[in-house]
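Reading the sequence shown from the start, the letters are residues 28 to 147 in the UniProt record's numbering.
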Amino acid sequence: AATPSDSPTIFDKIINNEIPHTTVYEDDKVLAFKDIEPQGPVHILIIPKVRDGLTGLSKAEERHIDILGRLLYTAKLVAKEQGLEEGYRIVINDGPQGCQSVYHIHVHVIGGRQMNWPPG
Ligand code: 5GP
């Protein structure tokens, strides 16, 4: 967990190619890359290239509806491309109690193993 803030995050450096990462999908609006600490055989993060105040889902405004839809649709594309035909888990952590650690909204796509429910 981290303190919620509007400061630039490590994801800006990833977007700007200032730190190494493995991109699995990219278009003009979103970037998908491998999580550095994978919680399964497949663990991808999908982020908007422009944060526009969307530090987390709890900061969403009506102007974000298009990008929110695009993030989820990209999750579906990435899951298919990663071969997750048997299913997968989509996660958006929000705030300290949600275990959010990077304050630039991101969708986790985790799969390649049996997931558990409820989560801890
Ligand atoms: P959160 O806890 O905010 O939902 O998720 C942040 C995720 O970003 C974590 O799963 C963490 O492993 C990942 N992460 C943090 N720093 C880096 C990094 O420098 N590179 C990559 N690829 N992932 C990162």
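The beta-carbon is built from N, C-alpha and C at its ideal position, and this holds for glycine as well.
task = Report whether the distance from the Cβ of residue 53 to the nearest heavy atom of the ligand 5GP is below 7 Å.
result = Checking the Cβ of residue 53 against the ligand 5GP gives no.
message = Is any non-hydrogen atom of the ligand 5GP found closer than 7 Å to the C-beta of residue 39, if you look at the structure I gave you?
response = No, the beta carbon of residue 39 sits no closer than 7 Å to any heavy atom of the ligand 5GP.
key: Helix, strand or coil at residue 130 [DSSP, three-state]   = Note: residue 130 maps to coil in three-state DSSP.
message = Quick check: does the Cβ of residue 46 come within less than 7 Å of any heavy atom belonging to the ligand 5GP?
response = Proximity of the beta carbon of residue 46 to the ligand 5GP is indicated: a heavy atom of the ligand is located closer than 7 Å.
request  = Return the bridge partner residues of residue 75 from the DSSP annotation.
outcome  = In DSSP, residue 75 forms a bridge with 57.
message = Are there any heavy atoms of the ligand 5GP lying less than 7 Å away from the beta-carbon of residue 134, as far as the coordinates show?
response = Not under cutoff, so the answer is no.
key: Residue environment, residue 63, which counts as buried when at least 16 other CB atoms sit within 10 Å   = With fewer than 16 other CB atoms across the displayed protein chains lying within 10 angstroms of its CB, residue 63 is exposed.
Cβ-heavy atom distance, residue 127 to the ligand 5GP, below 7 Å = Residue 127 Cβ: within cutoff of the ligand 5GP.
query = Is residue 50 helix, strand or coil by DSSP?
reply = Strand at residue 50.
query = Taking the alpha-carbon positions, what's the residue 117 to residue 142 distance?
reply = About 11 Å.
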